[in-house]
Amino acid sequence: MDRPPCGGKHQVMMHALLASHAYTITEADVRTLRPLKITLLWVCLLGLPIVAFWLGGRLFEAIDVAKQCVSESKFAQLRVALLSYHEQHGSFPPTKYQPIPNGPVHSWRVLLVPYTDVEYKKRYSKYDFSQEWNSANNLQALARMPYFSYFSLDGAGNDITNYLAISNGDDWPAKKPLKSLLITRGKDHFLVVEYPDSKVHWMEPKY
Numbered sequence: 019m020d021r022p023p024c025g026g027k028h029q030v031m032m033h034a035l036l037a038s039h040a041y042t043i044t045e046a047d048v049r050t051l052r053p054l055k056i057t058l059l060w061v062c063l064l065g066l067p068i069v070a071f072w073l074g075g076r077l078f079e080a081i082d083v084a085k086q087c088v089s090e091s092k093f094a095q096l097r098v099a100l101l102s103y104h105e106q107h108g109s110f111p112p113t114k115y116q117p118i119p120n121g122p123v124h125s126w127r128v129l130l131v132p133y134t135d136v137e138y139k140k141r142y143s144k145y146d147f148s149q150e151w152n153s154a155n156n157l158q159a160l161a162r163m164p165y166f167s168y169f170s171l172d173g174a175g176n177d178i179t180n181y182l183a184i185s186n187g188d189d190w191p192a193k194k195p196l197k198s199l200l201i202t203r204g205k206d207h208f209l210v211v212e213y214p215d216s217k218v219h220w221m222e223p224k225y
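In this text, residue positions in the sequence shown follow the numbering used here: the first is 19, and each later residue adds one.
Shown next, in the form of structure tokens:
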């Protein structure tokens with residue numbers, strides 16, 4: 019049986035984003051896509067009971083459809099954040115960021131926090147790059163970040179990221195193929211994979 023559409027016309031826009039490896043983003047694009055990503059998440063989550071009914075009560079199929087929908091939304095969020103970062107800094111973020119020589123190393127995901135929402139942008143100002151990523155101060159500053167975690171029915175695991183960056187020299191994190199997104203801007207590129215079985219804390223400078 020064909021799966022029902024995820025988000026109607028919103029899904030068409032999302033597929034257009036995910037299918038293109040080279041995409042030039044403007045401030046207007048960012049303003050348009052930020053409310054869109056919120057809409058997609060609500061469509062996916064609130065539409066789950068409707069999809070389950072449409073599939074004749076086959077809940078597991080409905081859950082799979084919802085996961086696919088949320089997965090697309092998450093990749094779109096990452097695309098917008100990474101391209102916004104590139105727009106401001108002229109490059110994609112380093113996968114491992116060490117601002118102080120011989121000092122603590124931090125994750126690329128932390129560097130994207132200012133490009134998520136207003137609340138976390140304010141909390142980002144309390145993050146101290148002179149401390150380890152898992153210091154008490156930094157964990158408190160950016161605790162329970164939902165943007166880098168995969169769809170979870172029980173709401174658990176918000177501190178575990180399912181989105182990993184693969185750079186030169188990194189081993190493939192799984193023994194199987196993973197859904198991936200390659201983002202390019204000029205000669206720059208950034209590869210992100212979705213790893214449902216990840217155990218990596220989203221702030222940890224690993225992948």
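The beta carbon of each residue, even a glycine, is placed where N, CA and C say it ideally should be.
With the rule of 3 Cβ pairs closer than 8 Å, the region 187-198 counts as touching the region 209-222. The beta carbon of Pro-117 is closer than 7 Å to those of Phe-147 in its chain, skipping five residues each way along the sequence.
When rounded, the separation of the alpha-carbon atoms in Asn-156 and Lys-193 is 32 Å.
In the structure shown, the three-state DSSP call for Asp-206 is strand. Cβ-Cβ distances below 7 Å link Pro-164 to Asn-176 in the same chain, with the five nearest sequence neighbours on each side left out; the list follows chain order. Residues of the same chain with a CB within less than 8 Å of the CB of Tyr-103, apart from the 5 flanking positions on each side, are Phe-110, Pro-111, Leu-129, Leu-130, Tyr-133 in chain order. Close CB contacts of Ala-159 within its chain, under the 6 Å cut and outside five residues either way in sequence, are with Arg-141, Lys-144, Tyr-145 (chain order). For the 7 Å CB-CB criterion, His-124 and Pro-214 do not form a contact. By a beta-carbon distance limit of 8 Å, Trp-220 contacts Phe-166. Their separation comes to about 4 Å. Nearest to Gln-106 by C-alpha distance, out of Tyr-225, Arg-203, Trp-151, Ser-216, is Arg-203.
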